[in-house]
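K.L.:
Our numbering puts the first residue of the sequence shown at 6, with every later residue one more than the last. Glycine residues also receive a C-beta, built at the ideal position from the N, C-alpha and C atoms. Next up is a structure, given as structure tokens.
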Amino acid sequence: MKFISIFTMALLFCFGGAAAAGLGEPVQIIGPWHVLKDKDPMTDAVNCTAIYQGNFQVQISLQYLAIGLRGRGGISGYTLRLDDRPAGDMKLASNIEKRVGAALIEGDDFAALLQAKRVRFQALTALSTLVNEDLDFRQIESVIAFLGGPICTA
């Protein structure tokens with residue numbers, strides 16, 4: 006599953022659109038998140054991904070938050086700040102993150118951000134510039150519930 010999501014993200018960040026990445030058609034809007042549904046033509050497996058405010062460079066699934074920096078210089082490292090807590094330490098980009106040009110927030114970091122109402126993200130690009138994203142996570146519980154619900158798992 007991780008290989009498929011990384012492959013999908015690589016296509017998305019290279020070509021910059023839902024159709025190119027196979028993210029499918031919009032099925033729900035929850036606050037700033039637009040849920041897109043796709044069906045694998047070979048297995049009929051359904052997959053949903055939510056994008057932030059129509060920005061295909063910021064997407065969330067049940068396993069990760071991805072923030073793309075392709076076209077902005079690639080990624081060297083990033084820092085997260087959840088709600089009004091102090092910012093975390095900078096994380097150096099992994100080889101996979103460098104290849105797809107996106108930060109992939111997974112595991113314990115992903116679980117922690119799902120508890121936040123506001124997620125601030127700052128990345129250092131390969132061109133030594135800073136990129137900031139300020140994400141409204143107030144409705145993220147509803148987004149995750151929808152992604153794990155019957156429409157997205159049928």
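Please give me, in chain order, every unbroken run of the beta strand (DSSP E) with length at least 3 that falls completely inside the stretch 112-151.
P.N.:
123-129, 135-141
K.L.:
According to DSSP, is residue 48 helix, strand or coil?
P.N.:
Counting from 1 along the sequence shown, the entry for residue 48 is found at position 43. Taken through DSSP and simplified to helix, strand or coil, residue 48 comes out as coil.
K.L.:
In whole angstroms, give me the CA-to-CA distance for residue 60 and residue 73.
P.N.:
Here residue 60 is taken as the residue at index 55 of the sequence shown, counted from 1. Here residue 73 is taken as the residue at index 68 of the sequence shown, counted from 1. One C-alpha to the other measures close to 10 Å.
K.L.:
In three-state terms, what does DSSP make of residue 80?
P.N.:
The count along the sequence shown starts at 1 and reaches residue 80 at position 75. Note: residue 80 maps to coil in three-state DSSP.
K.L.:
Going by DSSP, which residues form a beta bridge with residue 57?
P.N.:
Locating residue 57 in the sequence shown gives position 52, counting from the first residue. Answer is 38, 60.
K.L.:
Contact check, residue 150 vs residue 108 under 8 Å by CB: the rounded distance?
P.N.:
Translated into positions along the sequence shown, residue 150 becomes position 145. Translated into positions along the sequence shown, residue 108 becomes position 103. About 24 Å separates the two Cβ atoms, so there is no contact after all.
K.L.:
Can you give me the Cβ contacts of residue 141 inside the same chain, cut-off strictly under 7 Å, excluding the 5 residues immediately before and after it?
P.N.:
Locating residue 141 in the sequence shown gives position 136, where the first residue counts as 1. If we look at residue 141 and ignore the five residues flanking it on each side, its Cβ neighbours are 36, 37, 123.
K.L.:
Would you kindly report the start and end of the unbroken beta strand (DSSP E) that includes residue 73?
P.N.:
On the sequence shown, residue 73 is found 68 positions in, with the first residue counted as 1. Segment 70-73, the beta strand (DSSP E) holding residue 73.
K.L.:
At what residues does the beta strand (DSSP E) containing residue 109 begin and finish?
P.N.:
Counted from its first residue, the sequence shown places residue 109 at position 104. Note, residue 109: beta strand (DSSP E), 107-110.
K.L.:
Note the first and the last residue of the continuous alpha helix (DSSP H) segment covering residue 91.
P.N.:
Position 86 of the sequence shown, counted from the first residue, corresponds to residue 91. For residue 91, no alpha helix (DSSP H) segment is defined, and its DSSP state is neither H nor E.
K.L.:
Going by C-alpha to C-alpha distance, which of 48, 47, 33, 46 sits closest to residue 54?
P.N.:
Translated into the one-based positions of the sequence shown, residue 54 becomes position 49. Nearest of 48, 47, 33, 46 to residue 54, Cα basis: 33.
K.L.:
For residue 102, does the count of other Cβ atoms within 10 angstroms reach 16, so buried, or fall short, so exposed?
P.N.:
Sequence index remark: in the sequence shown, residue 102 carries index 97 (1-based). Residue 102 sits buried, since 16 or more C-beta atoms from the chains shown fall within 10 Å of its C-beta.
K.L.:
Given a cut-off of 7 Å, decide if residue 148 and residue 77 are closer than it, judged by their beta-carbon atoms.
P.N.:
Taking the first residue of the sequence shown as 1, we reach residue 77 at position 72. Taking the first residue of the sequence shown as 1, we reach residue 148 at position 143. No, they are not a contact pair.
K.L.:
Closest to residue 68 by CA distance: which of 117, 99, 88 is it?
P.N.:
What you label residue 68 is simply residue 63 of the sequence shown in a count that begins at 1. When each option's Cα is compared against that of residue 68, the closest is 117.
K.L.:
When you compare only the Cα positions, how much space is there between residue 50 and residue 29?
P.N.:
Taking the first residue of the sequence shown as position 1, residue 50 is located at position 45. Taking the first residue of the sequence shown as position 1, residue 29 is located at position 24. So the alpha carbons of these two residues sit roughly 13 Å apart.
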